[in-house]
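This report concerns only the one structure given below.
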Amino acid sequence: VNLTKHYPVHKGILNRQIGAVQAVSDVSFRLMEGETLAIVGESGCGKSTLGRALLRLSEPTAGNVLLDGRDITTLPTGQLRTTRREMQMVFQDPFGSLNPRMTVRETLLEPIILHGVATGADADAMVSELLKTVGLSEFHAGRYPHEFSGGQRQRICIARALATKPRLIVCDEPVSALDVSVQAQIVNLLQDLQRQFGLSYVFISHDLAVVRHIADRVAVMYLGRIVEMGDAETLFHDPRHPYTRALVAAAPKPMPGAVLPDRAVKGDMPSALNPPSGCAFHTRCPIARDVCSRDRPDLRETGGKLVACHFPDEAATIPAPATAPMS
Ligand code: SF4
Ligand code: MG
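Letter by letter, the sequence shown follows residues 9 to 335 in the UniProt record's numbering.
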């Protein structure tokens with residue numbers, strides 16, 4: 009499988025293209041410098057797998073990831089390290105992703121030294137600078153992860169990701185483990201850093217309220233495939249895939265901390281190992297017809313977005329579930 013498609017990009021910040029990806033099941037997108045692309049969907053839809061494949065933390069079985077036109081999927085391990093400098097990851101659980109035996113200073117020095125970003129006194133100066141950048145101080149450098157709150161730990165993880173001066177950070181549910189009051193602070197920090205350093209984010213989340221706040225573009229995934237992708241405003245106001253519609257209808261008003269209910273869509277998610285034939289959503293779709301279980305719909309331009317559905321216009325008329333709070 010190696011069909012690469014390139015999709016239209018957000019026009020506001022048209023800039024250098026920094027990457028294009030194809031992973032999971034023919035997932036394909038481009039990411040622009042300074043852009044935030046959110047990947048949303050229920051747990052098990054393949055969002056995290058996609059994030060890891062992007063950075064080649066897990067090897068994709070097919071397809072490729074291009075960074076500035078360089079295919080990093082075929083790079084030998086030695087050269088991969090250089091590329092890794094430019095692509096970092098921030099995880100959901102800031103405690104689990106920090107070594108409890110390492111001080112903050114050691115935690116931050118590790119990538120700086122490993123990637124040859126700086127040495128000696130320069131490296132120490134960089135640690136202080138990084139701490140300041142994420143809203144902590146030199147005063148915290150000698151402490152251990154358990155001495156911090158969840159939000160502070162996530163700041164440390166973000167500082168560690170910034171240590172290699174990356175251009176892309178994949179954030180996998182970066183605020184879902186945090187208290188609601190802290191979520192907004194971290195999201196705001198990420199946005200400040202993006203402006204300051206021109207960072208691009210792939211923001212993996214099941215929290216539509218947070219996504220609405222941070223994303224320029226959104227890709228909705230269902231069972232390993234993108235079913236709808238487009239500009240965030242358009243996608244939230246005029247969702248065309250029945251699955252996106254259900255997700256958006258079930259999400260509360262835009263406010264960080266409002267989480268997608270577990271059962272936004274009726275019925276269980278089928279197994280990703282043995283996805284339904286045709287359109288994988290046909291087992292749960294309110295407007296499914298015979299053709300849906302036979303033919304898999306391609307992503308096609310519809311209403312300014314890309315939608316993988318045989319009946320996107322009809323989908324636009326599906327009323328919101330009665331139980332869902334509408335904004
Ligand atoms: Fe529903 Fe058919 Fe569209 Fe799939 S292709 S989302 S089953 S209408
Ligand atoms: Mg996940």
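A virtual CB, placed ideally from N, CA and C, is assigned to each residue, including glycine.
- Residue pairing from DSSP places LEU45 in a beta bridge opposite VAL210, ARG225.
- Counting every other CB atom within 10 Å of its CB across the protein chains shown gives ASP239 a total of 16 or more, marking it as buried.
- If you ignore the 5 residues before and after GLY206, its C-beta comes within less than 7 Å of the C-beta of GLU41, GLY42, all in its own chain and listed in chain order.
- One residue after another in chain order, those with a Cβ under 5 Å from a heavy atom of ligand 1 are PRO250, CYS287, PHE289, HIS290, CYS293, ILE295, ALA296, CYS300, PRO305, CYS317, HIS318, PHE319.
- Using a Cβ distance threshold of 9 Å, SER184 and HIS214 count as a contacting pair.
- Under the three-state reduction of DSSP, MET134 is assigned to helix.
- For ILE295, no alpha helix (DSSP H) segment is defined, and its DSSP state is neither H nor E.
- In this structure, the beta-carbon distance from GLU236 to THR252 falls below 9 Å.
- Annotated three-state conformation of TYR152 is coil, per DSSP.
- Cα atoms of PRO247 and ALA324: separation of roughly 7 Å, rounded to the nearest angstrom.
- The C-beta of ASP224 has 16 or more other C-beta atoms within 10 Å across all chains shown, which makes the residue buried.
- Contact annotation: SER157 and ILE177 have beta-carbon atoms that are not nearer than 9 Å.
- Residue range 313 to 315 is occupied by the beta strand (DSSP E) that includes LYS313.
- For the pair VAL112 and GLY150, the CB atoms are nearer than the 9 Å cut-off.
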